[in-house]
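J.: Could you have a look at this structure, given as structure tokens, before my questions?
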């Protein structure tokens, strides 16, 4: 794959790359790059997870080695009970590979890593302590603010969280980190502080977040109605999407974001069209090759929100079929992890 | 030694024991108890260190096993540069045993432990993370406030400091911790949080702090004129003591505290009298068997501050002779650690 095509794939659907220059320099040198994406097994993964998995698929295709960090200790630092941690991990360990599979990524260069397998090593913790002596309470608090549930009386663990995420970049041996825009402040903290320990700063690839179906921020596992759980059944998915907030002509909502970042990415990768089924009396079916065309039509009021919703529900239900095939084991693990 | 005598020795010159009941219960059971006293190799140890060493001597005589923790990592958490840490440790490692020797403790049941030798173990750090998820930013900040130099923009390390001190109680396998009253909030934090990890709370033996010679708080290595450095020569000691703040009839000063807690303790243990030398025309020499008698005379204006000062300087110079005998190596190590 040529340099331009690789850069295009890496940049697709991203919000920011820190820094573009470092990325371009590395790609031009044709360096085999290693990137990591981390997830802490806190709440139940929802449909928003398709999006980073698609970015991972992009990076794999662009020639990256990818490590997925299942950050069990980070979950405990973010208020998951220590006693239930391993159960949460077990659920994520089963579920995340299925999301990868659902988006059809080539997993030859993909590796899973468990946080506690390396984060408790003496040299790792020595570096955590070292970085904690350079980073201020104020800065770590700010860095964690969009990631860790801090409440009125935040726990100390929430401030150690971003420090460990920074040290992860070093100990995972990566060149880049991929993460949502909520991670941005932690990534910047990492770039500021790794050089103080004599380590190089890493390239940060930042993707936007899929908004909640009900508006008011990102899709989050703690908002049941605003998210599609990966284990939701067909009817539930249809109901939730039907009830999602979506004002005619206005693209600023979770459905349109999901359509743009997830469904059209899958469709385009599979060289398929996105089909909106309509009764002949309402104009009949319409097909789109890309999101931009659909957006123009929608903004012009030529497509009814409900028609888009039904098409999205159909596509999403397709994507979710893999979880339904593994329903028994997933439900068992989910029950153990979230009861 | 009988129970009453043991309790008397343990309590001598303490400010508080948390809790008295737990201590008495353990002593009555005639349990062989283990206590630790920790010091982080930050500034240069000063004459105030004689006092906790005398308490350690008391505890050894009362049948305790004693561990002295040279908490190197804690020093780094309290703003000592990581690159100089080992040099600071080397200085303390040479110096502290000499202080013990100077006060004449029986060291058969005394052991030295280096913090980084056990604090980086996976199970230790797992517990640090665990406790950090129970303890709030607010509480750890408050706990550290009298121990760690925090400044306007405190580092995160200062909040990890008290958590590690709490976990030390568990991993040193002790029943009690001995510390100055500045440690009280950390000790209370430890007692609150160890049970959350399934560990027992420890007995805390708290001694008062020797005030600065110039007033305004404890004797501190960061206030050159307010402290006697253990390597100060005879003349310097005399000068500093002569210049110490001491108002006639007023016992509230560093000289009287040093006299009470250090010199009279040594004298009483050695069954010696404290002698104030005076010219015959000012009443001639006076001898005291205990501090209380001297205090009465002093409050009544019958002893001049300068006479006490000169006697204290003489006694202190005696205590410091051991460091002068080891001057060459101590000065070399000090130069490496503090240049």
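Protein chains in written order, with this note's numbering: chain V, 1 to 339; chain C, 340 to 678. Glycine residues also receive a C-beta, built at the ideal position from the N, C-alpha and C atoms.
(1) To the nearest angstrom, how far is the alpha carbon of residue 578(C) from that of residue 517(C)?
(2) So is residue 501(C) in contact with chain V if we call contact Cβ pairs under 7 Å?
(3) Closest by CA to residue 158(V), which one among 523(C), 505(C), 470(C) and 409(C)?
(4) Going by beta-carbon coordinates alone, are residue 658(C) and residue 441(C) separated by less than 7 Å?
(5) Who does residue 377(C) pair with in a DSSP beta bridge?
(6) Would residue 135(V) count as contacting chain C if we go by Cβ distances under 7 Å?
(7) So which residues of chain V does residue 465(C) contact, with C-beta pairs closer than 7 Å?
(8) Whose Cβ in chain C lies nearer than 9 Å to the Cβ of residue 77(V)?
(9) Could you tell me the distance, in whole angstroms, from the CA atom of residue 253(V) to the CA atom of residue 236(V)?
(10) In or out: residue 466(C) buried (at least 16 other Cβ within 10 Å) or exposed?
(11) From this set, 637(C), 543(C), 564(C) and 383(C), which residue's C-alpha is nearest residue 426(C)'s C-alpha?
(12) Does the beta carbon of residue 498(C) come closer than 7 Å to any beta carbon on chain V?
(13) Which residue's Cα is closest to the Cα of residue 110(V): 69(V), 78(V), 123(V) and 117(V)?
(14) Closer than 8 Å between beta carbons: that is the criterion. Which residues of the region 46 to 74 of chain V meet it against chain C?
(15) Please check the pair residue 311(V) and residue 275(V), which I expect to be a contact at CB under 8 Å, by giving their CB distance rounded to whole angstroms.
(16) Starting from residue 546(C), follow the alpha helix (DSSP H) in both directions and report where the run begins and ends.
(17) Just the chain V side, please: which residues come within less than 9 Å of residue 494(C) by C-beta, in chain order?
(18) Taking 7 Å as the CB-CB limit, is residue 140(V) close to chain C?
(19) Measure from the alpha carbon of residue 202(V) to the alpha carbon of each residue in 326(V), 90(V), 143(V) and 175(V), then state which is nearest.
(20) Can you give the Cα-Cα distance for residue 488(C) and residue 479(C), rounded to whole angstroms?
(21) Output the distance between the C-alpha atoms of residue 249(V) and residue 300(V), rounded to the nearest integer angstrom.
(22) With 7 Å set as the bound, which would you pick, yes or no: does the beta-carbon of residue 82(V) sit closer than that to a beta-carbon of chain C?
(23) Who are the near neighbours of residue 38(V) in its chain, counting only those whose CB is closer than 6 Å to its CB and skipping five residues on each side?
(24) Going by beta carbon distance, what residues of the same chain come within less than 7 Å of residue 482(C), once the five residues before and after it are set aside?
(25) On the premise that residue 134(V) lies in contact with residue 167(V), defined as a C-beta separation below 8 Å, what is that separation, rounded to the nearest angstrom?
(26) Indicate whether the contact test is met: 3 or more Cβ pairs, each with one atom in the region 52 to 64 of chain V and one in the region 8 to 17 of chain V, closer than 8 Å.
(27) Please name the residue or residues paired with residue 74(V) in a DSSP beta bridge.
(28) By a C-beta neighbour count over all protein chains shown, 10 Å radius and 16 as the cutoff for buried, is residue 512(C) buried or exposed?
(29) Measure how close the beta-carbons of residue 260(V) and residue 291(V) come, nearest whole angstrom, since I'm counting them as under 8 Å.
(30) Where residue 267(V) and residue 334(V) are concerned, what is the direct C-alpha to C-alpha distance, given to the nearest angstrom?
(31) Residues in the same chain with beta-carbon distance under 8 Å from residue 635(C), minus the five sequence neighbours each way, listed in chain order, please.
(32) So what's residue 180(V) in DSSP terms, helix, strand or just coil?
(33) In the DSSP assignment, find the unbroken alpha helix (DSSP H) run with residue 576(C) in it and report its ends.
(34) How big is the Cα-Cα spacing for residue 677(C) and residue 433(C)?
(35) Please report the straight-line C-alpha distance between residue 548(C) and residue 616(C), rounded to a whole angstrom.
T.: In this structure, then:
(1) 32 Å
(2) At least 7 Å separates the CB of residue 501(C) from every CB of chain V.
(3) 470(C)
(4) Annotated as proximal: residue 658(C) and residue 441(C), with beta-carbon spacing under 7 Å.
(5) 408(C)
(6) yes
(7) 120
(8) Those within 9 Å of residue 77(V) in chain C are 468, 471 and 472.
(9) 19 Å
(10) buried
(11) For the residues 637(C), 543(C), 564(C) and 383(C), the minimum Cα distance to residue 426(C) belongs to 383(C).
(12) So, interface residue.
(13) 69(V)
(14) 73
(15) 7 Å
(16) From DSSP, residue 546(C) is part of no alpha helix (DSSP H) but of the beta strand (DSSP E) over 542 to 546.
(17) Here the neighbours are 132, 133, 134, 135, 136 and 137.
(18) It does: the Cβ of residue 140(V) has a partner Cβ on chain C nearer than 7 Å.
(19) 175(V)
(20) 14 Å
(21) 6 Å
(22) With 7 Å as the cut-off, residue 82(V) counts as an interface residue toward chain C.
(23) 69 and 71
(24) 501, 524, 525 and 528
(25) Not a contact, Cβ separation roughly 12 Å.
(26) Because the criterion of three Cβ pairs below 8 Å is met, the region 52 to 64 of chain V and the region 8 to 17 of chain V touch.
(27) DSSP lists no partner for residue 74(V).
(28) So residue 512(C) counts as exposed.
(29) 5 Å
(30) 30 Å
(31) none
(32) strand
(33) Unbroken alpha helix (DSSP H) run through residue 576(C): 573 to 581.
(34) 15 Å
(35) 28 Å
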